[in-house]
Amino acid sequence: MKKIRTIALFIALVLLMTGCAEASLTADNTVTETTQISSEDLYSDRDFETDYDESDAVLISLTSDSVTITEEGTYIVQGTLEDGSIIIDAGDEDKVQLILDGCSISSASSAAIYVKNADKVFITTAQGSVNTLTNVTGFEADEESNIDGVIFSKSDLTLNGEGILIISSCDHGIVGKDDLVITSGEYEIDSTGDALQANDLIAISDGTFTINSGDDAIRCDADLVIDGGTIDILSSKEGLEGNTITINGGDITLEASDDGINASSESGDTMMSDSSCQIYITGGTVSITTYGDGIDSNGDLTITGGYITVSGPENSGNGSLDYAGTGTITGGTIIAAGISGMEMNMTEATQGSILVSTGNQSAGTEITVTDASGNEIINFTPSTSYSCVLISSPELQVGQTYTISSGSSSQDVTLGDYIYGQSMGLGGFGGGFGGPGGQMPDGQMPDMSDFDGQMPSDFNGERPELPGSDGQTPPDLPEGFDGQTPPEPPSGR
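Residues in the sequence shown are numbered consecutively from 2, following my numbering.
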């Protein structure tokens, strides 16, 4: 019997490890160090300059013809261009500043502003001005580039100002083939493709953004960094996408039909962890409504600060959190409500991180967390339906008991360690396995003190077949069985 019990325990362990790769308990919750981009290296002093000397600037009064700028300098743009472009084709060392001061530019087949060549271009909206850039019919490639944005730049590009820039595009809004930096200004972007797109870097230190995009709202093939600003993404396929995504500040609200925040590589999504893909959230306020994954990293997810809420997804094929590497939280608050099936808890933490089932709850059902004295420490109302919630906050301390309420149901959770409740995704424990949230009973693994980790010497790798068993109920043992020698199998077997 001991041999049979050992084999059965081994099989249970194998099934647990192979089917629940993301569901193992963290032994010591050790927090690994990660490296992220320093914002100090991203901005130059001139990126923040919005003042200009009119006496040293060239005035461009738009009429019916396209304008080409070939020399370094400051250019004030006013008037209306119904079908044409401002083209910048300057020297490799030239810096060009465009001051948009009440201008309207539309192009039927190209970019409204096309930067062919320069060292760097600054587009500044004048104080109190409203400026409109449009392409609603289509883009045609020239002999050098596949132009696909209303602002299309092959050089480093900075946007700033104290006015308003309105962009409407049948493809992308603003495209930078090098770096795209935004330090101030107000932007309204409506695009069927990406609203903001760059190859090497997107860095946003401030500004106000209202975005409707048919594809990604803000996408960078390399590094996306948000240090501040107010970003309201009303519609998108994916809200924020980059190889690495760093959120240090700002007020971000987004709705996505796919992933809310997605760190992926140019090679695309894979089943294996990609260490080049990283999401860092150190501060700011992030509110996500999603129908795919809420926060999705093909590598690691690291949260050290900020206030993050996720509503969704409403299907069991995605999760509020989805990471392929390590999920670490050492500060900040996250409340993520979604449907059980692919939900994930953190793997490393220095504060309480709780994942529990809530039962099926409709959109608009409030979630509260109170401490043992009845003090409310968390309050969130998801905008989507949900059946489980992940909560992590510096106020959740080991050894304390908390009451999690949603709708008419509530449950008490005592934190025996920083992480309570195991992942439900990728083979994780489904709802109803053990305690709340599909965790093991009392949040503990079963007692395996008698198991030495070794297979029986005669185990052949196949699941043992118990005589006379129907696979559900153990067979009756023969009368007089001494518990040592296995009974003879029934005849015909």
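The beta carbon of each residue, even a glycine, is placed where N, CA and C say it ideally should be.
These figures come from a predicted structure and were not determined experimentally.
If we require 4 or more residues per run, which alpha helix (DSSP H) segments fall completely within the stretch 360-417? The stretch 360-417 contains no whole alpha helix (DSSP H) run of 4 or more residues.
Does F366 pass the burial test, meaning 16 or more other C-beta atoms within 10 Å, or should it be called exposed? Locating residue 366 in the sequence shown gives position 365, counting from the first residue. What sits at residue 366 in the sequence shown is Thr, not Phe. Residue burial is scored here from C-beta neighbours: T366 has at least 16 other C-beta atoms within 10 angstroms and is therefore classed as buried.
Since Y53 is in the beta strand (DSSP E), which residue starts that stretch and which ends it? Counted from its first residue, the sequence shown places residue 53 at position 52. For Y53, no beta strand (DSSP E) run applies, since DSSP gives it neither H nor E.
Hey, D84 and S108: beta-carbon distance below 8 angstroms or not? In the sequence shown, residue 84 corresponds to position 83, counting from 1. In the sequence shown, residue 108 corresponds to position 107, counting from 1. Going by C-beta atoms, D84 is nearer than 8 angstroms to S108.
With N136 as the anchor, note down where its beta strand (DSSP E) starts and where it stops. Within the sequence shown, the letter at position 135 stands for residue 136. Residues V131 to N136.
Alpha-carbon to alpha-carbon, E41 and Y406: Indexing the sequence shown from 1 puts residue 406 at position 405. Indexing the sequence shown from 1 puts residue 41 at position 40. Note that residue 406 is Ser in the sequence shown here, rather than Tyr. Taking the straight line from one Cα to the other gives about 43 angstroms.
Top-ranked residue by Cα proximity to T245, from S363, G300, L101 and K121: Taking the first residue of the sequence shown as position 1, residue 245 is located at position 244. Closest option to T245, Cα to Cα, is G300.
Suppose contacts are defined by Cβ-Cβ distances below 8 angstroms. Is D233 in contact with S214 by that definition? As a working note, residue 233 is residue 232 in the sequence shown. As a working note, residue 214 is residue 213 in the sequence shown. The answer is no: Cβ separation not under 8 angstroms.
Burial state of N161, where buried means 16 or more other Cβ atoms lie within 10 Å: For the purposes of this step, residue 161 is taken as residue 160 along the sequence shown, with counting starting at 1. N161 should be labelled buried.
Would DSSP call D42 helix, strand or coil? The count along the sequence shown starts at 1 and reaches residue 42 at position 41. In this structure, D42 counts as helix in the three-state DSSP scheme.
Per DSSP, what are the beta-bridge partners of F123 in this structure? Against the sequence shown, residue 123 aligns to sequence position 122. Checking the DSSP bridge columns, you'll see F123 partnered with Q98 and T159.
Over the uninterrupted beta strand (DSSP E) stretch that includes Y188, give me the two end residues. Your numbering for residue 188 matches position 187 in the sequence shown. Residues E187 to S192.
Let me confirm a value: Q440 is counted as buried when at least 16 other C-beta atoms fall within 10 Å, else exposed. Which label applies? Within the sequence shown, residue 440 is the residue found at index 439, counting from 1. Confidence in Q440 is poor, its pLDDT being 36 and thus under 50, which makes the residue's placement unreliable; the coordinate value appears in the next sentence. It is buried - the Cβ of Q440 has at least 16 other Cβ atoms within 10 Å.
Contact check, T305 vs G332, beta carbons under 8 angstroms: Here the question's residue 305 lines up with position 304 in the sequence shown. Here the question's residue 332 lines up with position 331 in the sequence shown. Yes. Within cutoff.
What are the residues that DSSP puts in a beta bridge with Q79? Within the sequence shown, residue 79 is the residue found at index 78, counting from 1. Under DSSP, Q79 forms a beta bridge with S62.
If we call anything under 8 angstroms between Cβ atoms a contact, is G285 one with G251? Position 284 of the sequence shown holds residue 285. Position 250 of the sequence shown holds residue 251. Against a cut-off of 8 angstroms, the Cβ pair of G251 and G285 comes out as a contact.
Flag this pair as yes or no: are the beta carbons of I227 and I253 separated by less than 8 angstroms? Counting from one through the sequence shown, the residue named residue 227 turns up at place 226. Counting from one through the sequence shown, the residue named residue 253 turns up at place 252. Yes, these two residues count as a Cβ contact at 8 angstroms.
Assumed close pair S346, S354 - CB separation to whole angstroms, cut-off 8 angstroms: One-based indexing of the sequence shown puts residue 346 at position 345. One-based indexing of the sequence shown puts residue 354 at position 353. Checking the displayed sequence, the identity of residue 346 turns out to be Asn instead of Ser. Contact annotation, N346 with S354: C-beta distance approximately 6 angstroms; criterion of less than 8 angstroms satisfied.
What three-state label does DSSP hand A218 in the structure shown? Along the sequence shown, read from residue 1 onward, the residue named residue 218 stands at position 217. Coil, per DSSP.
Residue of P395, D52 and F123 minimising C-alpha distance to Y308: Along the sequence shown, one-based indexing puts residue 308 at 307. It is P395 whose Cα lies nearest to the Cα of Y308.
Helix, strand or coil for K178, going by three-state DSSP, please let me know. As a working note, residue 178 is residue 177 in the sequence shown. Looking at K178 - three-state DSSP - the assignment turns out to be coil, as it is neither helix nor strand.
Suppose you measure from the CA of S274 to the CA of L181; what does that come to, to the nearest Å? As a working note, residue 274 is residue 273 in the sequence shown. As a working note, residue 181 is residue 180 in the sequence shown. S274 and L181 have their C-alpha atoms roughly 28 angstroms apart.
If you reduce the DSSP assignment to three classes, tell me which class Q37 lands in. To locate residue 37, count along the sequence shown from 1; it is residue 36. Of the three classes helix, strand and coil, the one that applies to Q37 here is coil, per DSSP.
Rounded to the nearest angstrom, how far is the Cβ of T402 from that of T415, given a contact under 8 angstroms? On the sequence shown, residue 402 is found 401 positions in, with the first residue counted as 1. On the sequence shown, residue 415 is found 414 positions in, with the first residue counted as 1. With a Cβ gap of about 4 angstroms, T402 and T415 count as contacting.
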